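Residue numbers (the working numbering): 42 to 315.
A short worksheet on the structure shown next.
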């Protein structure tokens, strides 16, 4: 049985790690290199490093910061934010990253997924999907079904999940589950699935979104957004059927160590690397 992965997420703005709620109200959380080093020593399975304003500000990612981070960690490092071309992939990989995460660019140019996969291998291509619930009622339910939206029923209400780009600033009208299936076909090796509704709330992952995506595609799913307790992580694996759990606040603010998380999961029967 494959072990489940625990992955700290470092959202970077102006060279610092930040954490917000629902993609806004950002607070400083520390130095990215020092935090990366600490999580590596604690036993994290991987790290995700996201330059969260690069796409919106239409600039390149902070290469020097990637290099300095890669020098301090000896576990897989995924880097994302502002990556638009195959050449960007090449530059970030040369700087020390193991995987590249793309979101906005993959929507605007889906061929980037297949091109990067052919050149660097699918294991290197992570497609980040930022999804937000869209509730529908009455006749809207039938229209949504006819439009190919994947509906789930939550507390007697129907919703589907819309893909957002530019750091959560722009809706696309694209159904997240359908987009997940498409990126799988295009050659993505993994999906980083973030619930914009749950992000930073510490009230738990969006289990309906995570489970629906996990059951719809054949590539690994990283659950992201909303982690606040050890049980939330367990639920992401046991109910959400994710392959990995991404988290930020509970680690950055020293609420739990990675070892404590893994021991809890191990005792609950979730296979993890201790």
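Even glycine gets a Cβ: it sits at the ideal position worked out from N, Cα and C.
Since this is a predicted model, take the numbers as computed values, not measurements.
Could you say if the region 233-252 and the region 268-280 meet the contact criterion of at least three C-beta pairs nearer than 8 Å?
-> yes
Residue 206, enclosing beta strand (DSSP E) - first and last residue = 198-206
DSSP three-state assignment for residue 173, whether helix, strand or coil | strand
Have a look at residue 242 and residue 186 and give me their C-alpha separation to the nearest angstrom.
-> About 30 Å.
What residue ranges within the region 196-261 form continuous beta strand (DSSP E) runs of no fewer than 3 residues, ordered along the chain?
-> 198-206, 211-216 and 231-236
With DSSP run on the structure shown, which of helix, strand or coil describes residue 290?
-> helix
How big is the Cα-Cα spacing for residue 162 and residue 148?
-> Approximately 20 Å, taken between the alpha carbons.
Option nearest residue 71 by Cα separation, candidates 300, 247 and 294 = Nearest of 300, 247 and 294 to residue 71, Cα basis: 294.
From residue 156 to residue 211, what distance separates their C-alpha atoms?
-> For residue 156 and residue 211, the distance between alpha carbons rounds to 25 Å.
Alpha carbon of residue 257 to alpha carbon of residue 238, nearest angstrom | 21 Å
For residue 170, the nearest candidate out of 180, 311 and 216 (CA to CA) = 216
On a CA-only basis, which of 87, 181, 245 and 158 is nearest residue 290? Give me that one, please.
-> 245
Buried or exposed by the 16-neighbour rule on C-beta atoms within 10 Å, applied to residue 52 | Looking at its Cβ environment, which holds 16 or more other Cβ atoms inside 10 Å, residue 52 is buried.
Quick one: give me the first and last residue of the alpha helix (DSSP H) that residue 107 is part of.
-> 104-111
Identify the continuous beta strand (DSSP E) that holds residue 141 and give its terminal residues.
-> Here the beta strand (DSSP E) through residue 141 covers 140-143.
Expressed to the nearest angstrom, what Euclidean distance is found between the alpha-carbon atoms of residue 273 and residue 129?
-> Taking the straight line joining both Cα atoms gives about 35 Å.
Which partner residues does residue 119 have in the DSSP bridge list?
-> Listed as beta-bridge partners of residue 119 by DSSP are 89 and 140.
Among the residues of its own chain, which have a CB less than 6 Å from the CB of residue 50, if the five just before and after it don't count?
-> A distance below 6 Å between beta-carbons, with the five flanking residues on each side excluded, links residue 50 to the following residues of its chain, in chain order: 89, 287 and 289.
Three-state secondary structure assigned by DSSP to residue 295 = Of the three classes helix, strand and coil, the one that applies to residue 295 here is coil, per DSSP.
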